[in-house]
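J.: Numbering (numbering that gives the first Met the number 0), first residue to last: 0 to 563.
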Amino acid sequence: MHLLCLVNIWILLHNVIATDHTKLTYAEWYEKVWQKWKKNGYVTKKNFECQTKHSFGKKGIIETPNFPQHYPNNADCTWVIETPKEFTEIRVRFVQFNVENVRWSKLCIKDSLEVFQYHGLDKEKKGRYCGKQNDKEVTIYGNKAEFRFQSNGYRARRGFRIEWEAVKGCGGVIEHETNGKIVLPKYSKTEKLVHCTWEIHAPKNHNKFELDVSKLHLPHKGYGGCSKTSVEVMDANDQVLSKFCHSLNTHKTITIHGKMFRVRVKINRKTKRTVFRASWTTSSRKLPKPYTGQCGRPYMEVVPESILRDIVNNEQRHRRARRLVGGTPVSRGEWPWIVQIQTTLLTKHFSTRTVTCGGVIVSPTHILTAAHCIKRKDEEVIQHDLIFGSSFEGNTDQKTLHVDPRQITVHPKFTIDPKSGKPQNDIAIIQLKDQLKFGYDLQPVCLPSIKDKEDENCHFAGWGKTSENSLQSKTVNSIQARLWGHCDRSPSVICATYDGEKAGACKGDSGSPLVCTRKNGSKYLVGILSYGGRTCPSLVDGHMDVRYYMDWIVNVMQNKSINS
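1) Have a look at W551 and C494 and give me their C-alpha separation to the nearest angstrom.
2) Within 10 Å of its beta-carbon, does R318 have 16 or more other beta-carbons around it, so buried, or fewer, so exposed?
3) Considering only the alpha carbon of each residue, which of C372, S511, V555 lies closest to D540?
4) I381 and L345: beta carbons closer than 7 Å?
5) Measuring alpha carbon to alpha carbon, tell me which residue in C294, F55, C107 is nearest G438.
6) Would you report the Cα separation of S150 and N72, rounded to the nearest angstrom?
7) Please confirm whether H205 and T281 have their CB atoms less than 7 Å apart.
8) Which residue's Cα is closest to the Cα of D121: E145, V98, D134, G130?
9) Measuring CB to CB, does R156 end up less than 7 Å from V98?
10) Could you tell me if L323 is buried or exposed, where buried requires 16 or more neighbouring beta carbons within 10 angstroms of its beta carbon?
11) State the Cα-Cα distance for the pair H245 and H216, rounded to the nearest angstrom.
12) Determine the direct distance from the alpha carbon of S491 to that of D544, and round the result to whole angstroms.
13) Between the segment 123-134 and the segment 51-62, are three or more C-beta pairs nearer than 8 Å?
14) Please name the residue or residues paired with Q382 in a DSSP beta bridge.
15) Less than 7 Å separating the beta-carbons of T63 and Y70?
16) Per DSSP, what are the beta-bridge partners of E48 in this structure?
17) Can you give the Cα-Cα distance for K58 and V114, rounded to whole angstroms?
18) Please find out if some non-hydrogen atom of the ligand ADP comes closer than 6 Å to the beta-carbon of E209.
19) Tell me which same chain residues have a C-beta within less than 8 Å of the C-beta of I181, skipping the five on either side of it?
20) May I ask you to list the residues that DSSP assigns as paired with M567?
21) Go ahead and pull the three-state DSSP assignment for I373.
22) Hey, out of T408, F387, R517, L482, whose CA is closest to P447's CA?
23) Could you check which residue in T249, I266, G126 has the C-alpha nearest to that of V137?
24) Hey, would you say V166 sits closer than 7 Å to R90, going by beta carbons?
25) Check whether the Cβ atoms of D508 and L528 lie closer than 7 Å to each other.
26) For C169 versus C195, is the C-beta spacing smaller than 7 Å?
27) Does the Cβ of E88 have 16 or more other Cβ atoms within 10 Å, making it buried, or fewer, making it exposed?
28) Among residues of its own chain, excluding the 5 on either side of V409, which ones have a beta-carbon nearer than 7 Å to its beta-carbon?
29) With DSSP collapsed to three states, give me the class of D487.
30) Measure the alpha-carbon distance for N248 versus W483 and round it to whole angstroms.
31) What does DSSP give as the partner residue(s) for R156 in the beta ladder?
32) Cα separation between E378 and H348?
33) Starting from the C-beta of Y117, find all residues in its chain whose C-beta is less than 6 Å away, skip the five residues before and the five after it, and write them out in chain order.
34) Could you pull out every residue in the same chain whose Cβ sits closer than 8 Å to the Cβ of Q68, ignoring the five residues on either side in sequence?
35) Give me the Cα-Cα distance between C505 and N476, rounded to the nearest whole angstrom.
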């Protein structure tokens, strides 16, 4: 009988090898054997369904049905366990384990227990177990695990009794600390694959981290590369900010904006010892102080009512002006912080053309806009003209300033993504030589503070076209905007849509401001329009998140000077 079984197995393996002359990995070969075995009837259809059991706690026990008696044939049972967030490992011990298997094989082709560990939403197989494995210990990294037991229609065994316990191993959750250290502990060589995740939360009023990687020793890429051993630094949106697959010879400092970040270390224990040491600190973003006067309030809110009444009556005739798609023309003094930027370009055919963008006043000497309005790749910039007080048609008090290139600071990491064509870090600051004199048509908008939160009372305004084929609008049009979080999983870009069926930004709106209103009525800057969809109007627009760039903005406003 045993000889007949061996002959059948030899024929099965021969068929697998004979039908595929390519070089198979162990996992691929195992899967082919498993599929052939099921096809030939060694694994039958499951008809004993166990209800999936969920457990939450610090310790527990898992047993096969009928334990310590023989488990049923054709069983398919699943256990899911989850531990509190502060625990980072689950230690599993096979107190008793006796599951049917071919004597000489370790493939667990007959009955088996599969163990999975979770990393966020990703599920990874830890191992497949069968035979007799009493007192075996397995470490699961993370606070969630899944066990799946399957039996065929042949012989059954006593099954297993498994004890599990949550422990605070490597990684963990750290909250309300202003500084700390991350050190990867030593692991025994019996651990083949180790996963450690640290989750750091900032204290109240802190939303910036500095992570200093002081020592990092990783094996060469020949030992599996990033798929086996790596260190990842991610923000709260799980966007990878830095990923290391090799050793570092010097310190590496990473700046993270937000209330939380993660460090994930993955180690293949078949390689040499991995060393990782880092320290982190938190801080609150400094509020800008170049301008200490009033901001974010249209001048109409502070002028006498008698004067305001005459102005409003005088403005009614301008309501028929051309509009941003779906927008409404603004009244005089309603958007006094918006600036029109006209850039004259020399094309590669030596002809000139003018591009219109928007900008926003944030102090008597500083204006924010989109970097792609200022810096062009294939065209030479001849001059930039800033036009103030042109937010409504018919204003005779417009003022035009010519801008020297030395007055412009483009974000050092500004680039255009070659695949999507979308700008990255699309923000620039223009510094004026002389201070603006604020009045009815000129006022600065407030920069955001750490206390500001986006609400439903947000608006966007610009000089964009009213349709794909129309001319540039002669007046600023505003429209109510709805914020939808970050675009493309990027913490630096805010998604916005607009009220109305066919409403949104169009050509000429780039660099224009997205503004929200505080409870006290003042307006604060949330975003700078960077890109939209392929059609006009675009359904969803991407705005550079001003909060994300506050450190850079404050540094430029406080430190940069212009030599006349």
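For every residue, glycine included, the Cβ atom is placed at its ideal position computed from N, Cα and C.
T.: Taking the geometry as given:
1) 21 Å
2) Residue confidence for R318 is low, a pLDDT of 33 falling below 50, so the modelled location carries little weight and cannot support an answer.
3) S511
4) yes
5) Of the listed residues, the one whose Cα sits closest to G438 is C294.
6) 6 Å
7) yes
8) E145
9) yes
10) Legend: pLDDT at L323 = 49, less than 50; position of this residue unreliable, value from coordinates given subsequently. So L323 ends up on the buried side.
11) Going by the C-alpha atoms only, they are around 7 Å apart.
12) 5 Å
13) no
14) T343
15) yes
16) D75
17) 17 Å
18) Absence of the ligand ADP from the depicted structure is noted, as is the absence of any ligand whatsoever, leaving it without description.
19) Excluding sequence neighbours, I181 sits near W197, V262, F275, R276, A277, S278, W279.
20) Outside the shown range of the chain (0 to 563) lies residue 567, about which nothing can therefore be said.
21) helix
22) R517
23) G126
24) yes
25) yes
26) yes
27) Buried, since its Cβ has 16 or more Cβ neighbours within 10 Å.
28) Answer for V409: A370, I373, K374, A427, listed in chain order.
29) DSSP places D487 within a helical segment (H, G or I) once states are collapsed to three.
30) 41 Å
31) In the DSSP output, where bridge partners are listed per residue, R156 has none listed.
32) If I take the Cα positions, the gap works out to 10 Å.
33) Take Y117, set aside five residues on each side of it, and the residues of its chain with a beta-carbon closer than 6 Å to its own are G141, K143, in chain order.
34) Excluding residues within five positions, the ones whose Cβ falls inside 8 Å are R157.
35) 11 Å
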